[in-house]
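So the structure is just underneath, and the comments pick up after that.
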Amino acid sequence: MFYRITLILISLAITGCKSLAPLQNETEKTTNLVEEKADHSQFIAAVVTADDPTDYYDIAKVTPDNQSHNHEQAVYGDVWKRIQAQLTFPIPENRRLKIQRAWYAKHPDYLNRVAKRAEPFLYYIVEQIENRGLPMELALLPIVESAFDPFAYSPGRASGLWQFVPGTAERFGLRQDWWFDGRRDVIDSTKAALDYLEKLHQQFDGNWLHALASYNSGEGRVARAIQKNYRAGENIDFWSLELPRETDAYVPKLLALADIIKRPHKYNISIYPITNEPVIASVEAKSQIDLALAANLAEMDVNALHKLNPGYNRWATAPEGPHRFILPIDNAKLLESKLAQLNPDELLTWVRYKIKSGDSLGKIANTHKTSIDVIKTANKLTTNTIRIGDFLMIPASSIEAKDYQLSFNQRTLAKQSKIENNSVTYKVKKGDTFWDISRAHNTSVKTLAKWNNMAPGDPIYPGQELKIKLSDNDIQLASAPTTKKVNYTVRRGDSLALIAQKFKVSIKEIETWNKITRKRYLQPGQKLNLHVDITQI
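If you count by the numbering used here, then the sequence shown holds residues 5 to 541, one letter each, in order.
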């Protein structure tokens with residue numbers, strides 16, 4: 005069997021143990037986009053000069069055509085230097101840009117944190133931009149979009165380095181299903197993002213600022229803003245358009261980053277270096293494979309493998325693909341060599357399951373953490389009808405589900421666990437909506453979704469469990485003493501056993517509280533002191 009290995013020009017570090025160590029020793033946890041993006045909302049520059057009308061020019065048709073595309077052959081040892089040499093957008097000295105630049109300059113630790121996260125992917129992105137002859141400023145866009153976190157997920161349902169929403173992702177051919185999300189796959193999403201940006205650039209007559217604004221807020225909104233200004237006889241450059249607040253800051257953020265990367269010494273910034281050298285390879289497994297097995301064959305940790313291949317939602321690749329893995333070169337060679345010695349049916353663990361009364365394909369799929377379609381395909385079923393006593397072959401993970409820490413389910417559980425101690429679990433009922441549930445629990449749809457690693461527009465289904473964080477008042481009520489002292493008057497026919505059963509206490513406790521023994525008969529009218537948990541009766 006032939007397995008093809010392709011060098012991918014992504015920089016991690018120099019080959020060998022040095023390149024692998026940062027992956028295996030990585031301890032930084034995957035975080036939500038809301039936590040990872042730079043929060044500029046509260047930042048106010050100490051001194052911001054008034055806008056200069058001459059600053060409001062637009063970068064209408066700046067192109068890198070006059071640049072050499074052989075920068076990988078230059079003497080740059082650092083990818084940032086390679087980027088720096090190709091930044092061409094003029095930087096206007098207006099208020100909006102100064103605010104963003106001042107924020108980045110004041111937070112160098114943030115930039116270095118993002119640079120470390122970009123390390124596996126930035127070289128590849130730079131290569132793709134150069135190959136297309138696009139402005140190198142676009143290589144900085146994932147900093148603004150996702151802080152270079154491929155697992156980033158926004159309240160607006162945008163996902164991945166380039167923050168594609170489902171609809172736009174579908175337009176540009178990114179696969180999204182139970183097994184795989186191409187929005188998080190670095191290779192697929194980078195191609196789609198650059199395709200989209202090229203389309204926008206052409207649509208807006210070569211105006212890169214309009215194209216970038218459209219990438220953030222949609223081409224329709226920017227086109228309407230341009231049309232509105234045009235009809236009013238006003239300027240139609242980006243700085244003059246009436247756009248959403250987020251978009252007003254979006255383009256200045258990118259330009260501010262470009263200015264800082266181009267002139268780091270001016271702003272006293274020393275950014276984390278990334279080797280300007282390809283050290284990553286792509287291996288095609290050709291058929292469905294357990295991620296844990298792939299990691300074992302490549303002699304690396306499964307979560308280190310998953311971090312480089314964030315498009316995989318589950319414990320295995322999808323039955324029909326893709327089956328591509330991005331790995332450090334040495335690990336890729338190991339995987340390629342060992343895959344060549346295995347047959348496709350050895351790449352998954354299979355369970356032989358006997359159908360029982362009450363079983364359905366949905367129930368069986370849920371139990372085995374797979375999908376109905378996978379079971380049907382594996383067993384050549386054309387309908388959902390199954391018979392008691394028949395056997396099904398079901399693909400199963402080779403290690404425990406909890407050990408696939410970056411799978412969709414485990415990331416959701418990790419998000420929910422952050423509020424575990426101060427939360428309740430709500431089981432979704434038929435007809436429930438995010439709005440209904442959030443209103444019933446006195447919170448917002450956006451907050452409820454965030455607690456559960458979701459977006460407000462994501463579907464929910466009956467039986468799904470949602471974590472709901474308790475308010476401070478709820479916590480106080482929940483932590484308030486629930487045991488109350490009750491003075492109980494014995495009635496005719498009472499016994500210690502009946503009283504204990506009624507108040508959910510033990511006979512021994514009643515004896516201790518009242519200094520009596522069960523050998524003595526209770527008398528009607530007798531008073532007993534009971535300490536009762538009022539939540540249990």
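Idealized CB from N, CA, C, for every residue including glycine. Bear in mind that the values here come from a model prediction, so they are computed numbers and not experimental data.
Exercise for review: Put histidine 535 into one of helix, strand or coil per three-state DSSP.
Suggested key: The residue given as residue 535 occupies position 531 in the sequence shown. The answer is strand: DSSP assigns histidine 535 an E or B state.
Review point. In this structure, does DSSP put lysine 431 in helix, strand or coil?
Key: Working through the sequence shown from its first residue, we reach residue 431 at position 427. Strand.
Practice item. Take alanine 197 and list the residues in its own chain whose beta-carbon comes closer than 6 Å to its own, dropping the five residues that flank it on each side. Key: Counting from one through the sequence shown, the residue named residue 197 turns up at place 193. Excluding residues within five positions, the ones whose Cβ falls inside 6 Å are Trp166.
Point to revise | Contact under 9 Å by Cβ, leucine 338 with leucine 301 | key: Taking the first residue of the sequence shown as position 1, residue 338 is located at position 334. Taking the first residue of the sequence shown as position 1, residue 301 is located at position 297. Yes, the pair counts as a contact, with Cβ atoms nearer than the cut-off.
Review point. Taking the C-alpha atoms as reference points, what is the distance between aspartate 462 and arginine 175?
Key: Residue numbering aside, residue 462 sits at position 458 when the sequence shown is read from its first letter. Residue numbering aside, residue 175 sits at position 171 when the sequence shown is read from its first letter. Each residue's alpha carbon lies about 19 Å from the other.
Practice item. Taking only the alpha-carbon atoms, compute the straight-line gap between tryptophan 354 and arginine 328 and give it to the nearest angstrom. Key: Looking up residue 354 in the sequence shown gives position 350. Looking up residue 328 in the sequence shown gives position 324. Their backbone Cα atoms lie some 22 Å apart in a straight line.
**Study point:** Spatial neighbours of tyrosine 108 in its chain, beta-carbon cut-off 7 Å, leaving aside the 5 residues before and after
**Key:** Reading the sequence shown from its first residue, position 104 is the one you call residue 108. The answer, listed in chain order, is Leu115, Ala260, Leu261 and Ile264.
Review point. Which residues bound the beta strand (DSSP E) around tyrosine 271?
Key: Within the sequence shown, numbered from 1, the residue matching residue 271 stands at position 267. Where tyrosine 271 is concerned, there is no enclosing beta strand (DSSP E), given that its DSSP letter is neither H nor E.
Check your understanding: Any contact of the stretch 241-250 with the stretch 220-227, i.e. 3+ C-beta pairs under 8 Å?
Key -> yes
**Study point:** Length-filtered (4 minimum) alpha helix (DSSP H) runs lying within the stretch 112-149
**Key:** 112-122 and 126-136
Review point. Any chance the stretch 122-139 sits against the stretch 265-281, with 3 or more Cβ pairs inside 8 Å?
Key: yes
Check your understanding: Given that a residue counts as buried once 16 or more other Cβ atoms are within 10 Å of its Cβ, and exposed if not, what is glycine 181?
Key -> As a working mapping, residue 181 is identified with position 177 in the sequence shown. The sequence as given places aspartate at residue 181; glycine does not occur at that position. With fewer than 16 other Cβ atoms within 10 Å, it is exposed.
**Study point:** Backbone CA spacing between isoleucine 284 and asparagine 135 [nearest angstrom]
**Key:** On the sequence shown, position 280 is the one that residue 284 refers to. On the sequence shown, position 131 is the one that residue 135 refers to. One C-alpha to the other measures close to 18 Å.
Practice item. State yes or no: is the C-beta of lysine 434 within less than 9 Å of the C-beta of proline 399? Key: Stepping through the sequence shown from its first residue, residue 434 is reached at position 430. Stepping through the sequence shown from its first residue, residue 399 is reached at position 395. Against a cut-off of 9 Å, the Cβ pair of proline 399 and lysine 434 comes out as no contact.
Review point. Does the stretch 183-199 come close enough to the stretch 313-332 that 3 or more CB-CB pairs lie under 8 Å?
Key: yes
Check your understanding: Where does glutamine 505 sit, in a helix, a strand or coil, going by DSSP?
Key -> Here residue 505 is taken as the residue at index 501 of the sequence shown, counted from 1. Three-state result, glutamine 505: helix.
Check your understanding: In whole angstroms, what separates the C-alpha of tyrosine 234 from that of tryptophan 455?
Key -> Reading the sequence shown from its first residue, position 230 is the one you call residue 234. Reading the sequence shown from its first residue, position 451 is the one you call residue 455. One C-alpha to the other measures close to 44 Å.
Check your understanding: Using DSSP with H/G/I as helix, E/B as strand and the rest coil, what is lysine 523?
Key -> Position 519 of the sequence shown, counted from the first residue, corresponds to residue 523. Reduced to three states, the DSSP call for lysine 523 is coil.
Review point. Where DSSP assigns a beta bridge to lysine 232, which residues make up the other side?
Key: Here residue 232 refers to the residue found at position 228 of the sequence shown. Per DSSP, none; premise fails for lysine 232.
**Study point:** Three-way DSSP call (helix, strand, coil) for tryptophan 319 in this model
**Key:** Working through the sequence shown from its first residue, we reach residue 319 at position 315. Coil at tryptophan 319, not helix or strand.
Practice item. Under 6 Å Cβ to Cβ from phenylalanine 395, same chain only, skipping five residues before and after it: list those, please. Key: Within the sequence shown, residue 395 is the residue found at index 391, counting from 1. Around phenylalanine 395: Arg356 and Lys358.
Practice item. Starting from the Cα of lysine 508, find the closest Cα among Lys380, Val536, Asp334 and Phe168 and give me that residue. Key: For this step, residue 508 is matched to residue 504 along the sequence shown. Comparing Cα-Cα distances from lysine 508 to each of Lys380, Val536, Asp334 and Phe168, the minimum goes to Val536.
Check your understanding: Ordered along the chain, which non-local residues of its own chain (more than five positions away) have a Cβ less than 6 Å from that of alanine 119?
Key -> The residue you call residue 119 lines up with position 115 of the sequence shown. Counting only Cβ-Cβ distances below 6 Å, and skipping sequence neighbours, we find Ile275 and Tyr276.
Review point. Given a threshold of 16 other Cβ atoms within 10 Å of its Cβ, counted over all protein chains shown, does leucine 138 qualify as buried or as exposed?
Key: Within the sequence shown, residue 138 is the residue found at index 134, counting from 1. Looking at its Cβ environment, which holds 16 or more other Cβ atoms inside 10 Å, leucine 138 is buried.
Check your understanding: DSSP puts tyrosine 492 in a beta bridge; with which residues?
Key -> The residue labelled residue 492 in the question sits at position 488 within the sequence shown. Beta-bridge pairing links tyrosine 492 to Leu532.
Exercise for review: May I ask you to report which of helix, strand or coil DSSP gives alanine 400?
Suggested key: Locating residue 400 in the sequence shown gives position 396, counting from the first residue. The answer is strand: DSSP assigns alanine 400 an E or B state.
Practice item. Report, in whole angstroms, the separation of the C-beta atoms of leucine 365 and isoleucine 392, which I expect to be a contact under 8 Å. Key: Here residue 365 is taken as the residue at index 361 of the sequence shown, counted from 1. Here residue 392 is taken as the residue at index 388 of the sequence shown, counted from 1. Not confirmed; about 13 Å, so no contact.
Exercise for review: For tryptophan 354, name the three-state secondary structure that DSSP assigns.
Suggested key: What you label residue 354 is simply residue 350 of the sequence shown in a count that begins at 1. The answer is strand: DSSP assigns tryptophan 354 an E or B state.
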